[in-house]
């Protein structure tokens, strides 16, 4: 599929429709990046150049930005955990409807869990601690260059299969 034209414009319109119940501020950071804030905290959505995928970061005051993937690995439901543990940091889409499905998923997840992340520092600390422990475990085993390359390749292949329906449900393509 071709690059989606006017990415920021499309995203802004859809986010305003989805987050209608909240007082939000949406700003273009660049041609391929926007921020959506609710009380100065929220999301940064970055479109990957030359490919139809986005990265979503959680932006919390006085904390380093955190990838949505990291959050879902800890606080997702069983399917989300399984998908995001095995996947890369990008959410891929083929059509504008797929992109809207990702945004709907984000809104559903915000209403369900993410807003507590912004209210409670222990969630951020919990995620940070999990990945520190994971890093320590990985450092104990020496992976060959071939093993590392194979893992990266398989992870990227898997992440390209993850898709979202227009109502925000996650599934494998």
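Residue numbers (the working numbering): 5 to 177.
Ideal Cβ positions, reconstructed from N, Cα and C, are used throughout, including at glycine.
Since this is a predicted model, take the numbers as computed values, not measurements.
In the DSSP assignment, residue 41 forms a beta bridge with 29, 46. Just so you know, the alpha carbons of residue 172 and residue 112 end up roughly 7 Å apart. Counting other Cβ atoms within 10 Å of its Cβ, residue 73 reaches 16 or more and is therefore classed as buried. Assigned with DSSP and collapsed to three states, residue 174 falls in strand.
Ranked by how close their Cα comes to the Cα of residue 10, the residues 85, 89, 100 have 100 in first place.
Counting only runs of at least 3 residues, the region 55-106 fully encloses the following beta strand (DSSP E) elements, listed from N- to C-terminal order: 57-63.
Burial check for residue 127: the Cβ neighbour count within 10 Å reaches 16 or more, so the residue is buried. Counting C-beta pairs with one atom in each stretch, the region 65-79 and the region 127-139 have three or more that are closer than 8 Å, which means they touch. Within the same chain, Cβ atoms closer than 6 Å to the Cβ of residue 37 are found at 50, the five residues on either side in sequence being excluded. Straight across, the Cα-Cα distance linking residue 155 with residue 60 is about 22 Å. Residue 85 and residue 24 have their C-alpha atoms roughly 28 Å apart. The residue among 12, 94, 63 with its C-alpha nearest the C-alpha of residue 119 is 63. Nearest to residue 159 by C-alpha distance, out of 89, 103, 176, is 89. Here DSSP, grouped into helix, strand and coil, assigns residue 156 to helix. Assignment of residue 53 by DSSP, reduced to helix, strand and coil, places it in the coil class.
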